Amino acid sequence: MLKEKHYAHERRTKNRDQKRIKERLKIQAIIDEFLSFEQLQQAQQSEGIPSLFNQVTQHLDQHKFSFSLRSRFYQHFRKQIIQYNRNLQTDVPLPTQHLGRVIN
1 MLKEKHYAHE RRTKNRDQKR IKERLKIQAI IDEFLSFEQL QQAQQSEGIP
51 SLFNQVTQHL DQHKFSFSLR SRFYQHFRKQ IIQYNRNLQT DVPLPTQHLG
101 RVIN
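Going by UniProt numbering, the sequence shown opens with residue 1, and the numbers climb by one from there.
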């Protein structure tokens, strides 16, 4: 059977999609590791939100993730905090001042 030919634009599209999927999986793994609702609740009760944010930034700095991954993570992180605040009707601060250096 003949192998199907793939044109360059099809390969680039496929590679781009695979890269995005891998980035989403990495982001979800970081969020699951550091930012589950239980961990956010514990950090809020012990006034440890800034230290939790610092742990996340240290993790990102250690692994030297790409700029696109960092910016996507930051967007998902904000969504996670907003969702947490809505579900539990709390007021955990958004990570604008704490994770500002993540994007840089």
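Beta carbons are placed, not taken as given, at the ideal position from N, Cα and C, and that holds for glycine. Since the model is a prediction, treat every value here as computed from it, not as a measurement.
Once DSSP output is grouped into helix, strand and coil, what is the label at K79? helix
Which of helix, strand or coil DSSP assigns to S71: helix
If the criterion is Cβ atoms closer than 8 Å, does the pair L94 and R78 meet it? yes
Buried or exposed for K25, going by 16 or more other Cβ atoms inside 10 Å? In the sequence under discussion, the amino acid at residue 25 is Leu, which differs from the Lys named in the question. Per the 10 Å Cβ criterion, exposed.
Would you check if the region 33–46 and the region 80–92 touch, i.e. whether three or more CB-CB distances between them fall below 8 Å? yes
Helix, strand or coil for E10? Go by DSSP, reduced to three states. helix
Of all the beta strand (DSSP E) runs that stay within the bounds of the region 10–62, which reach a length of 3 or more residues? none
For Q44 and T90, believed in contact at Cβ under 8 Å, the rounded distance: 6 Å
Straight-line CA distance for K64 to R16? 20 Å
Could you work out which residue in V92, Q80 and L88 is closest to I31 when comparing CA atoms only? Q80
Assign L52 to buried or exposed, taking buried as 16 or more other Cβ atoms, counted over all protein chains shown, within 10 Å of its Cβ. buried
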